[in-house]
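Number of protein chains: 2
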Amino acid sequence: MLGAVLQARDGDLRVLLWQRAQQPHLHRWALPGGRLAATEDVETSIRRQLAEKVDVHKLSHVEQISVFSAPDRFPGRRVVATAFLGLVPSDIDPEVPADTRWHPVADLPDTAFDHGEIALTARDRLRAKLSYTNIGFALAPAEFTVSELRRIYSAALGYQVSATNLQRVLSRRGVLETTGRTVSAGPSGGRPPALFRFTNRDLEVTDPFAVLRPPSRGGQD
Amino acid sequence: MLGAVLQARDGDLRVLLWQRAQQPHLHRWALPGGRLAATEDVETSIRRQLAEKVDVHKLSHVEQISVFSAPDRFPGRRVVATAFLGLVPSDIDPEVPADTRWHPVADLPDTAFDHGEIALTARDRLRAKLSYTNIGFALAPAEFTVSELRRIYSAALGYQVSATNLQRVLSRRGVLETTGRTVSAGPSGGRPPALFRFTNRDLEVTDPFAVLRPPSRGGQD
DNA sequence: CCAAAAGTGTTGTGGCTACACCCATGG
DNA sequence: CCATGGGTGTAGCCACAACACTTTTGG
Numbered sequence: 001m002l003g004a005v006l007q008a009r010d011g012d013l014r015v016l017l018w019q020r021a022q023q024p025h026l027h028r029w030a031l032p033g034g035r036l037a038a039t040e041d042v043e044t045s046i047r048r049q050l051a052e053k054v055d056v057h058k059l060s061h062v063e064q065i066s067v068f069s070a071p072d073r074f075p076g077r078r079v080v081a082t083a084f085l086g087l088v089p090s091d092i093d094p095e096v097p098a099d100t101r102w103h104p105v106a107d108l109p110d111t112a113f114d115h116g117e118i119a120l121t122a123r124d125r126l127r128a129k130l131s132y133t134n135i136g137f138a139l140a141p142a143e144f145t146v147s148e149l150r151r152i153y154s155a156a157l158g159y160q161v162s163a164t165n166l167q168r169v170l171s172r173r174g175v176l177e178t179t180g181r182t183v184s185a186g187p188s189g190g191r192p193p194a195l196f197r198f199t200n201r202d203l204e205v206t207d208p209f210a211v212l213r214p215p216s217r218g219g220q221d
Numbered sequence: 001m002l003g004a005v006l007q008a009r010d011g012d013l014r015v016l017l018w019q020r021a022q023q024p025h026l027h028r029w030a031l032p033g034g035r036l037a038a039t040e041d042v043e044t045s046i047r048r049q050l051a052e053k054v055d056v057h058k059l060s061h062v063e064q065i066s067v068f069s070a071p072d073r074f075p076g077r078r079v080v081a082t083a084f085l086g087l088v089p090s091d092i093d094p095e096v097p098a099d100t101r102w103h104p105v106a107d108l109p110d111t112a113f114d115h116g117e118i119a120l121t122a123r124d125r126l127r128a129k130l131s132y133t134n135i136g137f138a139l140a141p142a143e144f145t146v147s148e149l150r151r152i153y154s155a156a157l158g159y160q161v162s163a164t165n166l167q168r169v170l171s172r173r174g175v176l177e178t179t180g181r182t183v184s185a186g187p188s189g190g191r192p193p194a195l196f197r198f199t200n201r202d203l204e205v206t207d208p209f210a211v212l213r214p215p216s217r218g219g220q221d
């Protein structure tokens with residue numbers, strides 16, 4: 001039961017890690033997690049673990065990544081871990097314990113066990129879903145300017161995206177809508193930006209990317 | 001540990017199910033599977049289970065679907081299942097036990113526990129991957145005509161795909177290649193079809209569907 | 001020579017990137 | 001009035017679906 005909690009922070013995509021104080025893997029950085037209790041399903045459990053151990057209460061999105069089960073992944077005894085991707089909006093700053101840090105996923109420290117690999121898998125899953133779902137809602141505040149959103153997408157994807165096309169793609173898909181309000185311009189002037197929000201804060205697939213799609217007229221399934 | 005083994009058979013996408021002979025869920029249809037042994041990882045284990053129990057030795061592709069963990073999914077005690085998608089090429093016909101059948105996924109019988117839901121999840125995963133990967137190799141024989149491939153894709157997707165465009169999309173992506181050989185025409189005449197094969201029999205993503213893709217010139221990550 | 005099936009040529013379209021251009025503000 | 005950042009208009013591209021057309025066989 002491990003959670004790769006990701007957030008767009010300071011221009012990078014970061015993952016929450018804590019530094020181990022005992023053997024094995026003393027001083028290495030690990031993903032937070034814990035054991036499944038008898039009356040929970042796995043998603044409930046990982047949410048509880050993250051709230052209790054690292055004060056992350058407001059995961060805007062949680063999904064399963066995979067089960068990691070190589071017999072030698074944990075020294076001594078057999079440990080099978082179910083790994084999760086969790087996302088935190090960029091305007092939230094949980095009060096994490098002293099041994100815990102947000103590390104850039106692109107520049108991980110020495111990680112315990114296979115936790116580095118898990119973090120990278122979580123990042124890749126997020127990146128893929130940014131393209132074909134509305135999952136950006138889980139990284140962004142409730143309302144934001146297109147510039148802010150651009151910074152978030154750039155951090156998560158690892159390259160600069162154009163604000164112009166970001167707005168256009170998400171609007172065309174009906175993912176983004178304007179609030180009608182604007183916020184005042186920055187200290188160096190410029191036109192005051194409009195505030196936007198995501199129309200839907202549940203995950204939905206917005207680009208079914210079905211090549212070989214069903215015939216346009218005629219029977220479905 | 002459960003395997004949803006799918007195959008394109010007789011024009012349908014089918015899943016291998018066996019009929020339970022005891023309580024609970026007497027006479028309902030269940031996915032094959034078993035328990036994880038101490039020295040295996042989960043993929044090795046599901047391959048072993050399927051070979052031992054239903055004589056499926058030649059899974060051309062195996063991947064994890066998800067962990068199913070609702071506390072009440074199994075009556076009595078808590079059972080957490082890791083579910084897999086397994087694929088069998090259409091020219092193989094395993095000698096399955098007497099209590100086992102290939103059921104169309106679109107028309108499932110009464111299933112045990114949540115196994116029906118798992119089979120549908122597996123089908124949806126396969127359908128998505130047919131669009132953006134070369135996963136067709138796992139459903140097709142080593143060599144085949146475009147017509148045969150069309151039948152396989154149509155069965156898996158649940159709607160008719162055009163042979164013309166199927167060949168074109170897969171060729172453009174470099175997924176398909178001709179063997180140079182042809183096979184003789186059918187009883188009703190017609191031009192003898194060419195034999196094709198997949199260029200690669202390992203899973204690869206052929207359409208990265210990255211909207212918001214990185215700038216064409218300039219810095220990557 | 002005709003029906004049937006395989007395979008190619010070609011047109012139109014939608015969604016995207018790139019970039020030029022216009023808009024609204026602070027100093 | 002000009003620098004700065006926000007936002008729109010538009011051209012071009014590319015992968016695809018659709019369908020007309022050509023090719024090659026059996027009878």
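Top line first, the protein sequences correspond to chains W and D. Sequential numbering from 1 applies to the first sequence in the UniProt record's numbering. Sequential numbering from 1 applies to the second sequence in the UniProt record's numbering. The beta-carbon is built from N, C-alpha and C at its ideal position, and this holds for glycine as well. Given the structure is predicted, the values throughout are model-derived calculations rather than measurements.
* Which value, in whole angstroms, describes the spacing of the CA atoms of D:L195 and D:P104? -> Start at 1 with the first residue of the second sequence, and residue 195 of chain D comes out as number 195. Start at 1 with the first residue of the second sequence, and residue 104 of chain D comes out as number 104. A direct Cα-to-Cα measurement between D:L195 and D:P104 gives close to 28 Å.
* **Validate contact between the region 16 to 24 of chain W and the region 89 to 103 of chain W using beta carbons, cut 8 Å, 3 pairs** => Between the region 16 to 24 of chain W and the region 89 to 103 of chain W, the count of Cβ pairs shorter than 8 Å is three or higher; the stretches touch.
* Asked: Mind checking D:P187: buried by the 16 CB within 10 Å criterion, or exposed?
  -> Walking along the second sequence from the start, residue 187 of chain D turns up at place 187. Exposed, since its Cβ has fewer than 16 Cβ neighbours within 10 Å.
* Asked: Closer than 8 Å, CB to CB, is W:S69 near chain D or not?
  -> For this step, residue 69 of chain W is matched to residue 69 along the first sequence. Cβ-Cβ to chain D under 8 Å: yes for W:S69.
* Asked: Grouping DSSP H, G and I as helix and E and B as strand, with all else coil, what is D:D12?
  -> In the second sequence, counting from the first residue as 1, residue 12 of chain D sits at position 12. In this structure, D:D12 counts as strand in the three-state DSSP scheme.
* Per-residue contacts from W:T39 into chain D (C-beta, under 9 Å) -> Along the first sequence, read from residue 1 onward, the residue named residue 39 of chain W stands at position 39. Contacts between W:T39 and chain D, judged by CB atoms closer than 9 Å, involve P71 and R78 in chain order.
* Asked: What residues in its chain sit with their C-beta under 6 Å from that of W:S60, if we drop five residues either side in the sequence?
  -> Within the first sequence, the letter at position 60 stands for residue 60 of chain W. Hits under 6 Å: L87, P89 and A138.
* To do: Run the CB neighbour count on W:V205, radius 10 Å, all protein chains shown included, and call it buried at 16 or more, exposed below.
  => Sequence index remark: in the first sequence, residue 205 of chain W carries index 205 (1-based). When all chains shown are included, W:V205 counts as exposed.
* To do: Determine, using beta carbons only, whether D:Q7 comes closer than 8 Å to chain W.
  => The residue given as residue 7 of chain D occupies position 7 in the second sequence. Closer than 8 Å: no.
* To do: Out of W:P193, W:L36, W:R48 and W:P208, state which residue places its alpha-carbon closest to the alpha-carbon of W:T82.
  => Position 82 of the first sequence, counting from 1, holds the residue named residue 82 of chain W. When W:P193, W:L36, W:R48 and W:P208 are compared, the shortest CA-CA separation from W:T82 is found for W:L36.
* Given D:P94 as reference, the closest of D:G180, D:L6 and D:P109 once Cα atoms are compared -> As a position in the second sequence, residue 94 of chain D is number 94, starting the count at 1. Cα-wise, what sits closest to D:P94 is D:L6.
* To do: With D:V169 as the anchor, note down where its alpha helix (DSSP H) starts and where it stops.
  => As a first step, residue 169 of chain D must be located in the second sequence, where it is residue number 169. Where D:V169 is concerned, the enclosing alpha helix (DSSP H) stretches over A163 to R172.
* Examine chain D for any beta-carbon lying closer than 8 Å to the beta-carbon of W:G219, and answer yes or no. => Position 219 of the first sequence holds residue 219 of chain W. Caution applies to W:G219, whose pLDDT of 37 falls short of 50 and renders its modelled position unreliable; the value that the coordinates give is listed next. Output row for W:G219: interface = yes.
* Within chain W, the residues that D:L166 reaches when beta carbons sit closer than 9 Å -> Reading the second sequence from its first residue, position 166 is the one you call residue 166 of chain D. From the beta-carbon of D:L166, the residues of chain W found nearer than 9 Å are L212.
* To do: Can you tell me which of the three DSSP states D:I65 falls into?
  => Working through the second sequence from its first residue, we reach residue 65 of chain D at position 65. Correct three-state label for D:I65: strand.
* Between which two residues does the beta strand (DSSP E) harbouring D:A143 extend? -> Along the second sequence, one-based indexing puts residue 143 of chain D at 143. The question names Ala, yet the displayed sequence has Glu at residue 143 of chain D. Segment: none, D:E143 is in no beta strand (DSSP E) and carries neither H nor E.
* Asked: Any idea if W:I135 is buried or exposed, counting beta-carbon neighbours within 10 angstroms, 16 or more meaning buried?
  -> The residue given as residue 135 of chain W occupies position 135 in the first sequence. If you draw a 10 Å sphere on the C-beta of W:I135, you find 16 or more other C-beta atoms in it, and that means buried.
* Asked: Closest Cβ-Cβ distance between D:Q64 and chain W: below 8 Å?
  -> As a working mapping, residue 64 of chain D is identified with position 64 in the second sequence. Chain W contact via Cβ: present.
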